[in-house]
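Here is the structure we will look at.
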Amino acid sequence: MACVHFSYPLPASPSPRVVCTSFGPSHGATCQPFSHSVPCCMDLSDEGHHVMEPPIITEQSPRRVVVFPTDDVSLKCEASGKPEVQFRWTRDGILFKPREELGMIVNQAPHSGSFSITGNSSNFAQSFQGTYRCFASNKLGTAMSHEIQLMAEGTPKWPKETVKPVEVEEGESVILPCHPPPSAEPLRIYWMNSKILHIKQDERVTMGQNGNLYFANVLTSDNHSDYICHAHFPGTRTIIQKEPIDLRVKATNSMMDRKPHLLFPTNSSSHLVALQGQPLVLECIAEGFPTPTIKWLRPSGPMPADRVTYQNHNKTLQLLNVGEEDDGEYRCLAENSLGSDRHAYYVTVEAAPYWLHKPQSHLYGPGETARLDCQVQGRPQPEVTWRINGIPVEELGKDQKYRIHHGALVLSNLQPSDTMVTQCEARNRHGLLLANAYIYVVELPAKILTPDNETYMAVQGSTAYLLCKAFGAPVPSVQWLDREGKTVLQDERFFPYTNGTLGIRDLQANDTGHYFCQAANDQSNVTIVANLQVKDATRIMQGPRSTIEKRGSRVMFTCQASFDPSLQHSTTWRRDALDLQELGDSDKYFIEDERLVIHSLDYSDQGNYSCVASTKLDVVESQAELLVVGSPGPVPHLEVSDRHLLKQSQVRLSWSPADDHNAPIEKYDIEFEDKEMAPEKWYSLGKVPGNQTSTTLKLSPYVHYTFRVTAINKYGPGEPSPDSETVVTPEAAPEKNPVDVKGEGNETNNMIITWKPLRWMDWNAPQVQYRVQWRPQKMQGAWQEQIVSDPFLVVSNTSTFVPYEIKVQTVNSQGKGPEPQITIGYSGEDYPQASPLLEPVKALNSSTVLVSWQSVDPAQVKGHLRGYNVTYWWEGSQRKHNKRHVHKGHVVVPANATSAILGGLQPYSSYWVEVQAFNGRGLGPASGMTFNTPEGVPGHPEALHLECQSDTSLLLRWQPPLSHNGVLTGYVLSYQPLNDGSKEQLSFDLPDPELQTHNLTNLSPHLRYRFQLQATTREGPGEAIVREGGTMALSGMPDFGNISAMAGENYSVVSWVPKESQCNFGFQIWFKALGDEKLVAHLPPQYVSYNQSSYTQWDLQPDTDYEIQLLKEQVLLHQMAVKTNGTGRVRLPPAGFATEGWFIGFISAIVVLLLVLLILCFIKRSKGGKYSVKDKEDTQVDSEARPMKDETFGEYRSLESDNEEKAFGSSQPSLNGDIKPLGSDDSLADYGGSVDVQFNEDGSFIGQYSGKKEKEAAGGNDSSGATSPVNPIGTLE
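Residue numbers for the sequence shown follow our numbering, beginning at 342 and rising by one.
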């Protein structure tokens, strides 16, 4: 049903017809008023129309009216309505006519129900007290006002009384009463003195809600005779005062303390009723000495802190906006040092009536049934009564049209004459509610308010709604038909609404067409057409996908959608349901139709991102969740608690969970900083699981702890929390002693005791010292001790290499540390006094020998035997003895070994070997001997070359091997064809060791060969050198296709690229000048090898043309020309005397004579001539800076090559380095010329090579000079 807005003409009717412009949603329609805030009706006739309105109460007096002696009796009642409204009043349910009151002046305006009555005496209003109600009526019904309670109040007067002085002893309690006259309006009470000054109130002196003044205990300063209670009556705007009260306080020297006692309320409990929505005020006033304090409790639950206020020094509790949940017990507790007293308030919350469902005005057609619901609530439950046109239903005759059903008024078979105004009234002891509701019964022809020929568009799969808002009385029936006049409801996808709308769900393309809506009642029948167009639905083919990305990275979302081609469309991006736009100049977001790119992801970027594809008909959205992950955020709310545990060096640390940034926190790292001892350096105290937010820490004494906590997840640690406050633990005796205690001597008569000093956090005090004790081992004598601050102590005057028992204990101002463990140390070592006894050297093969010896007597070691140093060097070959620089080899073996394998030796050579024992002090004396290595096979020959001689012969040239490894006995030459399928290899001996060439004949001119040459000794053939090649015929004519020549001013370079298959051969290059041969010196031809690939000819004349010829055995192989650079040819001068021998000899003699004279002058000047001090100083410096002659040291041949020479190392490195494996052929020179060896006390090997390479000269033959026990003999490089 719809509202009539008079947008269409209404037909004239011979009889009056009532048409409403506004009505309620009884039939599914909501109507809005046409021109008034109340419904109106229209009387239509042939002569015209007149608007009709039911009576509406627009203004009325409040429910309670108080009349004071100077006031008139005034009651308001205004109403609107057409026809004109008539008013009447009732008082206490009886008709009241103000104008008929005798002796009174009554003022009442026309067309108004309000009136005022003026009396002739001050108390005339007393006769008008009662309950009034106003009724407003016209032909459409009667409206009714609520009940108005009229009360008359006289002039307030304090009753006469004799006020006696109040006498009380100091410290006792007292109550000064007020008892003001009663009033219908709330009063305001003030206590003042005669000077109009307020009595000061505090915890001891308080005015109660009843106006009395309470003293918890009186003081002599309370002694006054003018305590006056003032009462303010706002209604009469009057203030009256009570007679002054004289309070006399007797001083005493024996004030007695007493526990609290409640002055108000006086009993232990009380019951109160609080009204819902109103404030609740509870009060407790107590006496006692000392003055009690008041606390409020609620045993049944927590106080509603947002609605509770405490006033009057906590003596008054005010609870605002009381609700049902505030039911229950409230307890006040008065306390002082001697005890307590209490009072329990039991509060019951009740409520005046309030609406659950208020009856509404409705429009009905003839024959319909009306139901008006009136649902109210309150405590206690209100009583509901119904009136029709102001008359209680019970007083009406029993009519079958209406009945009361579950509080609702039901009227059946309505007729136009049943238009009425109904009243629902609900009442309980706290108030009443009234509602006027109007029932309109009208007859109207069917009318469709929806425009005809409307076009509706919707997309496939959606639901379309075709509107057909019909209006009429009785309510017209609505049906939807297709083109053929058949109902469309046969398809289950079509469904109607009660307001006439047709819904079509799951739209299909063939639903496009015309649909007809027909509305009919007993007055008329009307039809409209609705056009439906079904479009393609918008679809997102590929939407954004949820993803997890790391902070700082970029993410891209894509969106591909399809649309109906006839519709305008758009694609937008949203984040958390808000449209997303590019941010101006920022490159944070990059948005295109189908792409969204977010750069530099941060945690604030995470959320739900959606692609929205839309047309005017539909909107499709595809959503993806973006999670930004990374290391956790900072830990908030770090707090230090349980400080009382600091005496036990403990503290409790608590914090709030950090933001995990979408990756669970695995653990928290707890760190501390000591700003006094190590500022800005943080130390870890440990880690706790990620689900833990507090821990108790065990702390070290005397540390200034500042804590921080860092959360850690799989992406790493986050930012640390802000620093905590600093706590300082008390000092304590040390709990630890130093570790790594050692005793070692650096001289033969001392022992240095060292240890690793304690960390400052283990000092347990501002300073720490060390108590060092020592005594010889296995002697139970007294300990020697000394307290030191540094982490070492030197014990002097000890015997050589004596064991000592050592203890080091921590000491601070609070005491000593725990009893230390005993460590065994030794005084200083001396050099070993004995050398190992060598046994004959055993050859394992031509390059490896076994050196053995007998171990040294431990008593002669003078220290810890660390091992043996085996030094060996090459002296020469057995074939010939050369004095060359050699490398010294070193092998270091542990103390429990008595042999070493020396590998990588030169066969058929003579070696010298030395063995020395060593300890921590250095090397002992050496034992040495010479040994020879047996003969071995030689190395490969050097530089095997193939030269073409003819089509069937090759000349082989080679160089002897660099390493003979014995006496050469000749060579073995083998060769075989490569490309004829034959595997037969030809081999023959060349017994001459001096032979370096061999001519091979009878070779196939068309085959390539592999040639293999080996040198031999008595041990057999050695490594082979291999070459491949063929004869001249195989190579063909020499190929100089890529030959070129370039020239300078006096030279020319000829270059070519040798052909791969071309064999090497020799040829001649001849530079022949062109032109005047008398001016150019003749240049002879030069022999060149083909494999040489280039040749440079010097001594050419500038700016000259040369012909270059390549010749082999007088056969021209290639010819080319070149011209040198320059400005012109140099003409050769004719021969003169300057080229004669006698002239050259004369010039030479003159030069020699001049040199002799210069030398003599220099000698004379150096003996007695004058010269400057600077010259002398320079001469001295030059003299002192002269280097040592190379002849000072001898030379040795290297082990690796007879052609290598290196200076003998003169450094004496210490034994501190890695030990090479036994039998290693590496020279220590490769590691820098020094070796340092260390062993554990059990003899296990922990040494390593170390050092720096240095060049030195060595003295005669193999002499290395004196050796130091600490610094072993230098190595050869």
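Glycine included, every Cβ here is placed at the ideal spot set by N, Cα and C.
- Under the DSSP assignment, Ile-789 falls in the beta strand (DSSP E) whose first and last residues are 785 to 789.
- The alpha-carbon separation between Ser-514 and Ala-557 amounts to approximately 5 Å.
- Shown here, Asn-1405 sits in a strand according to DSSP, grouped into three states.
- Around Pro-631, the same chain offers Asn-677 as residues with beta carbons nearer than 6 Å, after the five sequence neighbours per side are excluded.
- DSSP places Gly-669 within a strand segment (E or B) once states are collapsed to three.
- Bridge pairing for Asn-448: Ser-457 [DSSP].
- Boundaries of the beta strand (DSSP E) harbouring Gly-1311: 1311 to 1318, taken from the DSSP string.
- If you draw a straight line from the Cα of Ala-850 to the Cα of Pro-906, it is about 15 Å long.
- Short of 6 Å from the beta carbon of Arg-720, and not among the five residues preceding or following it, lie these beta carbons of its own chain, in chain order: Glu-691, Ala-692.
- Around the beta-carbon of Tyr-1043, 16 or more other beta-carbon atoms lie within 10 Å, marking it buried.
- The Cβ-Cβ distance between Ile-845 and Arg-895 does not fall below 8 Å.
- Contact holds between the segment 994 to 1010 and the segment 1048 to 1065, because three or more Cβ pairs, one in each stretch, are under 8 Å apart.
- Scanning Thr-726, Asn-564, Lys-1119 for the CA closest to the CA of Val-509 turns up Asn-564.
- The segment 1147 to 1154 makes contact with the segment 1109 to 1124: 3 or more CB pairs, one atom from each, lie closer than 8 Å.
- Cβ atoms of Tyr-1316 and Trp-1253 stay farther apart than 8 Å, at about 44 Å.
- In the same chain as His-1286, and ignoring 5 residues on each side of it, the C-beta atoms closer than 6 Å to its own belong to Arg-1298, in chain order.
- Across the set Asp-1131, Gln-1121, Ser-1168, the C-alpha of Ser-1168 shows the shortest separation from the C-alpha of Ser-1140.
- Cys-1502 counts as exposed, since fewer than 16 other C-beta atoms from the protein chains shown sit within 10 angstroms of its C-beta.
- For Arg-916, the closest of Leu-967, Cys-570, Gly-884 by C-alpha to C-alpha distance is Leu-967.
- In the structure shown, Asp-1446 falls within a strand segment according to DSSP collapsed to helix, strand and coil.
- Spatial neighbours of Gln-764 in its own chain (CB-CB distance under 6 Å, excluding positions within 5 residues in sequence) are listed in chain order as Met-485, Arg-728, Asn-777.
- Going by beta carbons, Ser-1328 and Leu-1314 fall inside the 8 Å limit.
- With fewer than 16 other Cβ atoms inside 10 Å of its own Cβ, Gly-680 counts as exposed.
- Beta bridge pairing from DSSP links Asn-1273 with Ser-1251.
- Arg-834 and Asp-847 have their C-alpha atoms roughly 7 Å apart.
- Taken in chain order, the whole beta strand (DSSP E) runs of length 3 or more contained in the segment 460 to 533 are 471 to 479, 482 to 485, 489 to 493, 507 to 510, 515 to 517, 529 to 533.
- Separation of Pro-786 and Ala-811 (C-alpha to C-alpha, rounded to the nearest whole angstrom) is 10 Å.
- Listed in chain order, the beta strand (DSSP E) runs fully inside the segment 628 to 655 are 634 to 638, 649 to 652, counting runs of at least 3 residues.
- Gln-989 sits in a helix when the DSSP states are folded into three classes.
- Look at Leu-1495 here: in three-state DSSP terms it is helix.
- Between the C-alpha atoms of Glu-1021 and Leu-1099 there is a straight-line separation of about 20 Å.
- Within the segment 738 to 790, the beta strand (DSSP E) runs of at least 3 residues that lie entirely inside it are, in chain order, 743 to 746, 749 to 752, 761 to 769, 772 to 782, 785 to 789.
- In this chain, Ile-1163 is not harboured by any beta strand (DSSP E), its DSSP state being neither H nor E.
- By a beta-carbon distance limit of 8 Å, Val-1278 contacts Glu-1360. Their separation comes to about 5 Å.
- Going by beta carbons, Ala-767 and Pro-694 fall inside the 8 Å limit.
- Listed as beta-bridge partners of Thr-912 by DSSP are Ala-954.
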